[in-house]
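Shown next, in structure tokens, is the structure this report addresses.
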Amino acid sequence: GENVEQHPSTLSVQEGDSAVIKCTYSDSASNYFPWYKQELGKRPQLIIDIRSNVGEKKDQRIAVTLNKTAKHFSLHITETQPEDSAVYFCAASFLSGGYQKVTFGTGTKLQVIP
Amino acid sequence: SQTIHQWPATLVQPVGSPLSLECTVEGTSNPNLYWYRQAAGRGLQLLFYSIGIDQISSEVPQNLSASRPQDRQFILSSKKLLLSDSGFYLCAWSPSQVGGAYEQYFGPGTRLTVT
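Same order as they appear, the protein sequences are chains A and B. Note that this note's numbering has the first sequence beginning at 1, numbered continuously upward. Note that this note's numbering has the second sequence beginning at 1001, numbered continuously upward.
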């Protein structure tokens, strides 16, 4: 089955600096890569996603890149703000038997220091 | 727009007691539905998924079960809770589709503590 590894597990940055979280996946069938942000005690919220036919996607201060050959994808947050502090999860998924088979990474706890 | 509800929001149950958590989705039809569990400080573990009424599949063996009596209702149950069942239970939905890949949206979750 699919295996998703996520690094680092914790990340501290100064406000205004950039943060990068990296993930690798194992199953070449995966074709959809969402990123979720989870604040303490809350549900995971989808913040950005990328499909396998695209190499990069940007939405204001966040961007995601995908390297299908190397099977890795990354989340980039620029000009970080204290409200970016949360746990971020990457995921890799593909359609299997009519449902979205999603495998999540283990999460990165991002702390933005004011 | 679509909305997903879960209840209860929090639950404290003794070991050996039964469990019933409910999830409902509004604003869509024939969604794919999922139950995840998140242990404290950990990632998301898929427990069950459903592509239609009474069509349930399990990802991991456990003492939990799931049912989907209606198109937009998904229930997670147990006859006898274990301490290890404690965690944050999240229901999610995604559009049903043939081909392609679609995002999953999570409900607000139920925090279960087994004592």
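Note that the Cβ used here is the ideal one computed from N, Cα and C, for glycine as well.
If you count every other CB in all the chains shown that lies within 10 Å of the CB of GLN1104(B), and 16 or more means buried, which is it? Mapped onto the second sequence, residue 1104(B) falls at position 104. With 16 or more neighbouring CB atoms inside 10 Å of its own CB, GLN1104(B) falls in the buried class.
With three or more beta-carbon pairs closer than 8 Å as the criterion, would you say the segment 28 to 39 of chain A touches the segment 86 to 94 of chain A? They touch, by the three-pair rule.
Identify every residue that forms a DSSP beta bridge with SER47(A). Your numbering for residue 47(A) matches position 47 in the first sequence. The question names Ser, but residue 47(A) in the sequence shown is Ile. As far as DSSP is concerned, ILE47(A) takes part in no beta bridge.
Anyone know if the C-beta pair for ALA1066(B) and ILE1056(B) falls short of 7 Å? For the purposes of this step, residue 1066(B) is taken as residue 66 along the second sequence, with counting starting at 1. For the purposes of this step, residue 1056(B) is taken as residue 56 along the second sequence, with counting starting at 1. By the CB criterion at 7 Å, ALA1066(B) and ILE1056(B) fall inside the cutoff.
GLY1107(B) burial status per 10 Å Cβ neighbour count (16 or more: buried): Stepping through the second sequence from its first residue, residue 1107(B) is reached at position 107. Looking at its Cβ environment, which holds 16 or more other Cβ atoms inside 10 Å, GLY1107(B) is buried.
For SER74(A), report the span of its beta strand (DSSP E) as first-last. The residue you call residue 74(A) lines up with position 74 of the first sequence. Note, SER74(A): beta strand (DSSP E), 72 to 77.
Length of the line joining the Cα atoms of SER1086(B) and ARG1111(B): Along the second sequence, read from residue 1 onward, the residue named residue 1086(B) stands at position 86. Along the second sequence, read from residue 1 onward, the residue named residue 1111(B) stands at position 111. Rounded to the nearest angstrom, the gap between the Cα atoms of SER1086(B) and ARG1111(B) is 8 Å.
Would you give the residue range spanned by the beta strand (DSSP E) that ARG1111(B) belongs to? Numbered from 1 along the second sequence, position 111 holds the residue referred to as residue 1111(B). Its beta strand (DSSP E) spans residues 1110 to 1114.
Of the listed residues SER12(A), ASP27(A), THR65(A) and GLU79(A), nearest to ILE48(A) (C-alpha basis): Working through the first sequence from its first residue, we reach residue 48(A) at position 48. Taking ILE48(A) as reference, the option from SER12(A), ASP27(A), THR65(A) and GLU79(A) with the minimal CA-CA separation is THR65(A).
Output, in sequence order along the chain, the residues in the segment 86 to 110 of chain A whose CB is closer than 9 Å to any CB in chain B. VAL87, PHE89, ALA91, SER93, PHE94, LEU95, GLY97, GLY98, TYR99, GLN100, LYS101, VAL102, THR103, PHE104, GLY105, THR106, GLY107 and LYS109: these are the residues of the segment 86 to 110 of chain A whose beta carbon lies less than 9 Å from some beta carbon of chain B, given in chain order.
If I'm right that LYS109(A) touches SER9(A) with Cβ under 8 Å, what's the distance once you round it to whole angstroms? Locating residue 109(A) in the first sequence gives position 109, counting from the first residue. Locating residue 9(A) in the first sequence gives position 9, counting from the first residue. Indeed they touch by this definition, with Cβ atoms about 7 Å apart.
Which whole runs of the beta strand (DSSP E) in the segment 1038 to 1080 of chain B are 3 residues long or more, in chain order? Along the length of the segment 1038 to 1080 of chain B, whole beta strand (DSSP E) runs at least 3 residues long occupy 1045 to 1052, 1055 to 1058, 1064 to 1070 and 1073 to 1078, reported in chain order.
Identity of the residues DSSP links to SER1020(B) by a beta bridge: Your numbering for residue 1020(B) matches position 20 in the second sequence. Its beta-bridge partners are SER1077(B).
Could you give the DSSP three-state label for GLU39(A): helix, strand or coil? For this step, residue 39(A) is matched to residue 39 along the first sequence. GLU39(A): coil per DSSP, three-state reduction.
Residues of chain A with CB closer than 7 Å to the CB of SER1084(B), please, in chain order. Residue numbering aside, residue 1084(B) sits at position 84 when the second sequence is read from its first letter. What SER1084(B) touches in chain A: nothing, since even the nearest Cβ is about 19 Å away.
Output the boundary residues of the beta strand (DSSP E) element that contains SER93(A). Counted from its first residue, the first sequence places residue 93(A) at position 93. SER93(A) -> beta strand (DSSP E) spans 86 to 96.
Does the Cβ of SER28(A) have 16 or more other Cβ atoms within 10 Å, making it buried, or fewer, making it exposed? In the first sequence, the residue the question calls residue 28(A) occupies position 28. With fewer than 16 other Cβ atoms within 10 Å, it is exposed.
Assuming SER12(A) contacts ILE113(A) (C-beta within less than 8 Å), just tell me the rounded distance between them. As a working mapping, residue 12(A) is identified with position 12 in the first sequence. As a working mapping, residue 113(A) is identified with position 113 in the first sequence. Cβ atoms of SER12(A) and ILE113(A) come within 8 Å of each other, at about 6 Å.
Tell me which residue opens and which closes the beta strand (DSSP E) that ALA1009(B) is part of. Counted from its first residue, the second sequence places residue 1009(B) at position 9. For ALA1009(B), no beta strand (DSSP E) run applies, since DSSP gives it neither H nor E.
Quick check on ARG1042(B): buried or exposed, where buried means 16 or more other Cβ atoms within 10 Å of its Cβ? Against the second sequence, residue 1042(B) aligns to sequence position 42. Exposed.
Would you please state the rounded distance, in angstroms, between the beta carbons of GLN6(A) and THR106(A)? I believe it to be under 8 Å. Reading the first sequence from its first residue, position 6 is the one you call residue 6(A). Reading the first sequence from its first residue, position 106 is the one you call residue 106(A). About 5 Å separates the Cβ atoms of GLN6(A) and THR106(A), confirming a contact at the 8 Å cut-off.
For ARG61(A), is the classification buried or exposed, using 16 other Cβ atoms within 10 angstroms of its Cβ as the cut-off for buried? In the first sequence, residue 61(A) corresponds to position 61, counting from 1. Exposed: under 16 other Cβ atoms inside 10 Å.
SER26(A) (DSSP reduced to helix, strand or coil): The sequence position of residue 26(A) within the first sequence is 26, counting from 1. Coil.
Check the Cβ of ILE1051(B) against every Cβ in chain A and list those closer than 7 Å, keeping chain order. Your numbering for residue 1051(B) matches position 51 in the second sequence. Within 7 Å Cβ-Cβ: GLY98 and TYR99.
Can you tell which of THR103(A), GLU79(A), GLN111(A) and LYS22(A) has its C-alpha closest to the C-alpha of GLY16(A)? As a first step, residue 16(A) must be located in the first sequence, where it is residue number 16. Taking the Cα of GLY16(A) as reference, the smallest distance to any Cα among THR103(A), GLU79(A), GLN111(A) and LYS22(A) is reached at GLU79(A).
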